[in-house]
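Below is one structure, written out as structure tokens, with a few remarks after it.
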Amino acid sequence: MFRSKVRIHTCKIILLTSLVWFLVDVIVITFFSDCVGNSGWNCVSDKRGDNREMTHLEGTNVRRRGIIYEKLLDRGKPRRTYLATELKSWVPARRVPEQPNSLGEMGQPVRIDPAEESKMKEMFKINQFNLLASDRISLNRSLPDVRANGCKSKIYHNMLPTTSVVIVFHNEAWSTLLRTVWSVINRSPRPLIEEIILVDDSSEHAHLGAKLEAYVKRLPIPVIVLRTPKRSGLIRARLLGAKHVKGQVITFLDAHCECTEGWLEPLLSRIADDRKTVVCPIIDVISDETFEYITASDTTWGGFNWRLNFRWYRVPKREMDRRNNDKTVPIRTPTMAGGLFSIDKEYFYELGAYDEGMDIWGGENLEMSFRVWQCGGTLEIVPCSHVGHVFRDKSPYTFPGGVSQIVLHNANRVAEVWMDEWRDFYYAMNPGAKKVEVGDISKRLELREKLKCKSFRWYLSNIYPESTMPLDYYFLGEIKNMESDHCLDTMGRKSGENVGMSYCHSLGGNQVFSYTKRQQITADDNCLDAAGSRAPVKLVRCHGMGGNQEWMYYNDVCNLLEAKRRTVTVLHDIFNGLICCVVYFLDFRAKARAHGTVSGQTIGSGCYSSIESVQWFPRTAVDYVESIQMAVKPNLVHLAHQGNATNFHLTN
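First residue of the sequence shown: 208, per my numbering; consecutive thereafter.
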């Protein structure tokens with residue numbers, strides 16, 4: 208009997224102790240829950256829906272707990288990943304429901320009644336987009352799921368780093384700014400958003416003052432408003448925002464964006480794999496006229512031209528092959544647009560953040576792109592992440608000192624620090640850049656040395672062999688008719704149009720050409736192309752396959768010309784390549800470096816003195832040697848100068 212009472216008493220003690228520890232666990236879980244203070248749709252501690260969601264999601268697009276740990280805890284090399292304690296579990300955000308009878312739902316265009324056209328045009332001037340249409344669209348409007356089918360079933364780590372979203376604005380419209388904020392809130396897994404940081408770069412509009420601060424206090428996640436004391440520009444304003452970031456990852460967005468379903472998880476998952484990976488979403492188009500959501504191509508990547516302007520180009524076959532033609536695999540892009548990207552916070556500062564010597568805006572995207580690649584990182588476009596952006600034809604903002612001076616100052620810094628001898632292409636195309644001060648770049652050069660960054664040649668060889676800046680070239684300069692003092696000139700024309708001739712000005716720009724080791728004559732994005740026997744030579748996108756774009760210099764042919772026509776002389780045989788009449792390559796390299804005397808070399812001469820022309824032999828010129836010996840006027844590719852009209856013709 209006594210023993211039975213002891214057993215009962217012992218059981219009571221065990222049960223009571225278990226109950227106490229259970230209550231302690233509940234208190235701890237409640238206190239540290241991601242849902243404290245949150246009432247949003249996708250809060251992890253919402254027990255009614257999470258178990259069902261997790262059961263449904265496991266095996267589809269959430270990687271099971273623990274798979275990531277082995278890689279994250281690998282201490283055998285410099286830490287490129289996260290510790291498990293730095294990550295948070297998540298479930299996808301719930302889909303934003305469509306609001307019937309509301310304008311712009313599911314990304315549809317908004318048409319303004321003709322009776323309000325004058326009002327629309329007047330409001331358009333404020334932000335250089337259709338503000339009247341934007342103001343009539345819900346801040347929580349629905350959008351289509353624009354992801355590829357493969358992305359919708361793609362598996363991501365179920366433990367990811369948190370991010371702080373930094374949005375810089377200056378005199379932004381209320382509707383576009385808050386629609387950006389709400390799209391982040393509505394379409395992001397709540398535990399993964401540490402905060403949204405709004406950086407006001409000295410706005411003057413009243414709605415961006417106390418009204419904005421009062422509004423964001425009511426939002427379901429922390430939103431901080433920072434203000435610069437004076438106009439500092441995008442670069443310095445982003446640096447200010449970055450200093451206040453609490454998340455593991457910094458995500459920079461522009462102030463007129465809309466995030467789509469599943470936009471964040473693919474970005475953070477790539478960084479979780481390797482914290483030295485910088486990732487960008489596919490940037491879709493939001494029409495500045497109608498606010499229609501237009502899906503962008505997922506087969507383009509970022510590049511640049513000789514002027515250091517960012518450009519979109521088609522992803523080459525080389526990269527498609529690396530991805531096994533799987534459009535869900537991230538694209539290793541040479542450069543990024545710069546407005547929308549995510550980067551690990553520690554890595555952002557390890558890499559040198561932004562160049563504080565740059566002003567306002569422009570060039571910072573290329574500078575960071577070169578730095579990431581040359582200093583050991585990776586830059587990717589993640590095709591399973593889509594964010595819309597309002598693209599405008601022109602900026603509504605003013606720039607202290609003028610747009611041109613600021614952009615050239617920033618680009619000069621990029622060229623001088625990161626591009627080595629290929630900076631000559633930039634200076635040759637931008638004669639005004641040499642007059643703009645670059646400022647003190649000593650700290651950035653020290654950073655490059657400290658990080659043991661690779662050369663620009665390495666970048667062109669390994670990351671961007673498709674660049675319009677040739678890896679190997681013989682000359683960079685003018686092509687000049689010495690008798691007429693006229694130079695070959697692109698006339699600012701586009702691909703598919705004829706080249707021309709104009710008086711030589713020795714300033715570069717449209718009169719700059721490069722003769723490459725591939726026997727191409729290039730002008731920025733284009734090559735000289737002779738398509739047929741009597742077709743004019745045009746500017747055509749370089750394809751690197753020779754043919755119509757291969758220009759050769761044959762010494763034997765020039766000697767035959769000299770023997771037959773005493774007015775023809777060959778002054779220099781400098782390289783195996785271009786064959787031409789009265790051609791003078793004005794070398795801009797010395798001028799770009801020393802800002803001094805221009806050097807030049809005549810590489811070939813052989814024209815009829817009675818004809819004001821430049822004559823070229825194509826790759827097949829050796830086929831015409833016999834006819835050259837016999838003819839009074841040999842079969843040549845002929846560039847005839849007639850006023851401002853210039854044509855190349857191949858005479859059979």
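Cβ coordinates follow ideal geometry from the N, Cα and C atoms, glycine included.
My assumption, with CB atoms under 8 Å, is that N572 sits in contact with G545. Please give the rounded CB distance.
As a working note, residue 572 is residue 365 in the sequence shown. As a working note, residue 545 is residue 338 in the sequence shown. N572 to G545, Cβ: 3 Å. Contact.
Are any of the Cβ atoms in chain C nearer than 8 Å to that of P743?
Of the chains in the structure shown, none is chain C; there is only one protein chain.
Under the assumption that V317 contacts A340 (Cβ atoms under 8 Å), give the Cβ distance between them as a whole number of angstroms.
On the sequence shown, position 110 is the one that residue 317 refers to. On the sequence shown, position 133 is the one that residue 340 refers to. Indeed, because the Cβ distance is near 4 Å, the residues count as touching under 8 Å.
So what does C582 bridge to, in DSSP terms?
Mapped onto the sequence shown, residue 582 falls at position 375. The partner list for C582 (beta bridge, DSSP) is empty, contrary to what the question assumes.
Which residue wins for smallest C-alpha separation from E653, given the options I489, C749, G559 and V432?
Within the sequence shown, residue 653 is the residue found at index 446, counting from 1. Residue G559 is the option with its Cα nearest to E653.
Given this structure, state the Cα-to-Cα distance separating G314 from M708, to the nearest angstrom.
The sequence position of residue 314 within the sequence shown is 107, counting from 1. The sequence position of residue 708 within the sequence shown is 501, counting from 1. Cα-Cα distance, rounded: 48 Å.
In the structure shown, what three-state DSSP assignment does E496 receive?
In the sequence shown, residue 496 corresponds to position 289, counting from 1. Looking at E496 - three-state DSSP - the assignment turns out to be coil, as it is neither helix nor strand.
Under the three-state reduction of DSSP, which class applies to S296: helix, strand or coil?
What you label residue 296 is simply residue 89 of the sequence shown in a count that begins at 1. Reduced to three states, the DSSP call for S296 is strand.
Leaving out the 5 sequence neighbours to the left and right, which residues in its chain are closer than 6 Å to R530 when beta-carbon positions are compared?
To locate residue 530, count along the sequence shown from 1; it is residue 323. Result list for R530: V536, in chain order.
Under 8 Å between the Cβ atoms of L683 and A640?
Within the sequence shown, the letter at position 476 stands for residue 683. Within the sequence shown, the letter at position 433 stands for residue 640. No.
When DSSP builds the beta bridges, which residues end up paired with G861?
Because the chain is modelled from 208 through 859, residue 861 falls outside the range shown and cannot be assessed.
Counting C-beta neighbours from all protein chains within 10 Å, is the total for N669 16 or more, i.e. buried, or is it exposed?
Numbered from its first residue, the sequence shown carries residue 669 at position 462. Classification for N669: exposed.
Three-state class that DSSP yields for T262 in the structure shown
As a first step, residue 262 is located in the sequence shown; it is residue number 55 there, counting from the start. Caution is warranted here: a pLDDT of 27 is assigned to T262, below 50, making its placement in the model unreliable, and no coordinate value can be reported.
L658 to W470, Cα distance in whole Å?
Locating residue 658 in the sequence shown gives position 451, where the first residue counts as 1. Locating residue 470 in the sequence shown gives position 263, where the first residue counts as 1. So the alpha carbons of these two residues sit roughly 32 Å apart.
C-alpha gap between L399 and K295, whole angstroms:
Here residue 399 refers to the residue found at position 192 of the sequence shown. Here residue 295 refers to the residue found at position 88 of the sequence shown. The straight-line gap from Cα to Cα measures roughly 7 Å.
Give me, in chain order, the residues of the same chain whose beta-carbon lies closer than 6 Å to that of L226; leave out the 5 immediate sequence neighbours on both sides.
Residue mapping note: residue 226 aligns to position 19 of the sequence shown, counting from 1. Correct list: empty, nothing qualifies.
Would you tell me roughly how many angstroms separate the C-alpha atoms of R354 and K642, rounded to the nearest one?
On the sequence shown, residue 354 is found 147 positions in, with the first residue counted as 1. On the sequence shown, residue 642 is found 435 positions in, with the first residue counted as 1. Cα to Cα, R354 sits roughly 47 Å from K642.
Does N365 pass the burial test, meaning 16 or more other C-beta atoms within 10 Å, or should it be called exposed?
Indexing the sequence shown from 1 puts residue 365 at position 158. Label assigned to N365: buried.
Which ranges does the beta strand (DSSP E) cover as unbroken runs of at least 3 residues, wholly within the segment 426–508, from first to last along the chain?
430–434, 456–460, 464–466 and 484–493
Check whether the Cβ atoms of T458 and V373 lie closer than 8 Å to each other.
Here residue 458 is taken as the residue at index 251 of the sequence shown, counted from 1. Here residue 373 is taken as the residue at index 166 of the sequence shown, counted from 1. Yes.
With distances taken from CA atoms, which of C711, C749 and R655 is nearest K701?
Residue 701 sits at position 494 when you count from the first residue of the sequence shown. The residue with the shortest Cα to Cα distance from K701 is C749.
Spatially closest choice to R664 from F606, F577, T540 and A417, by CA coordinates
The sequence position of residue 664 within the sequence shown is 457, counting from 1. Cα-wise, what sits closest to R664 is F577.
Hey, out of D533, L714 and P523, whose CA is closest to C358's CA?
The count along the sequence shown starts at 1 and reaches residue 358 at position 151. Of the listed residues, the one whose Cα sits closest to C358 is D533.
Continuous alpha helix (DSSP H) assignments of at least 4 residues falling wholly in the segment 312–392:
324–334, 338–342 and 356–359
Do the CB positions of V594 and P473 come within less than 8 Å of each other?
For this step, residue 594 is matched to residue 387 along the sequence shown. For this step, residue 473 is matched to residue 266 along the sequence shown. Not a contact, by the Cβ cut-off of 8 Å.
What did DSSP end up calling M698 once you bin it into helix, strand or coil?
For the purposes of this step, residue 698 is taken as the residue at position 491 of the sequence shown. Reduced to three states, the DSSP call for M698 is coil.
On the DSSP bridge assignment, give the partners of Y633 in chain order.
For this step, residue 633 is matched to residue 426 along the sequence shown. Bridge partners of Y633: none, in fact.
What does the Cβ neighbour count give for T484, buried or exposed, with the cut at 16 atoms within 10 Å?
As a working note, residue 484 is residue 277 in the sequence shown. Looking at its Cβ environment, which holds 16 or more other Cβ atoms inside 10 Å, T484 is buried.
Kindly confirm or deny that the segment 513–530 and the segment 403–421 touch, where touching means at least three C-beta pairs closer than 8 Å.
no
Does the distance from the C-beta atom of L547 to that of L460 stay below 8 Å?
As a working mapping, residue 547 is identified with position 340 in the sequence shown. As a working mapping, residue 460 is identified with position 253 in the sequence shown. Closer than 8 Å, so yes.
CB-CB length for P368 against A300, believed under 8 Å:
Translated into the one-based positions of the sequence shown, residue 368 becomes position 161. Translated into the one-based positions of the sequence shown, residue 300 becomes position 93. That pair is no contact at about 17 Å.
Tell me which residue opens and which closes the beta strand (DSSP E) that K745 is part of.
Against the sequence shown, residue 745 aligns to sequence position 538. From DSSP, the beta strand (DSSP E) with K745 extends over V744 to R748.
Please name the residue or residues paired with F511 in a DSSP beta bridge.
Residue numbering aside, residue 511 sits at position 304 when the sequence shown is read from its first letter. Beta-bridge pairing links F511 to F517.
Return yes when at least one heavy atom of the ligand PLP lies under 7 Å from the C-beta of A380, else no.
Among the components modelled here there is no ligand, and therefore nothing to report on the ligand PLP.
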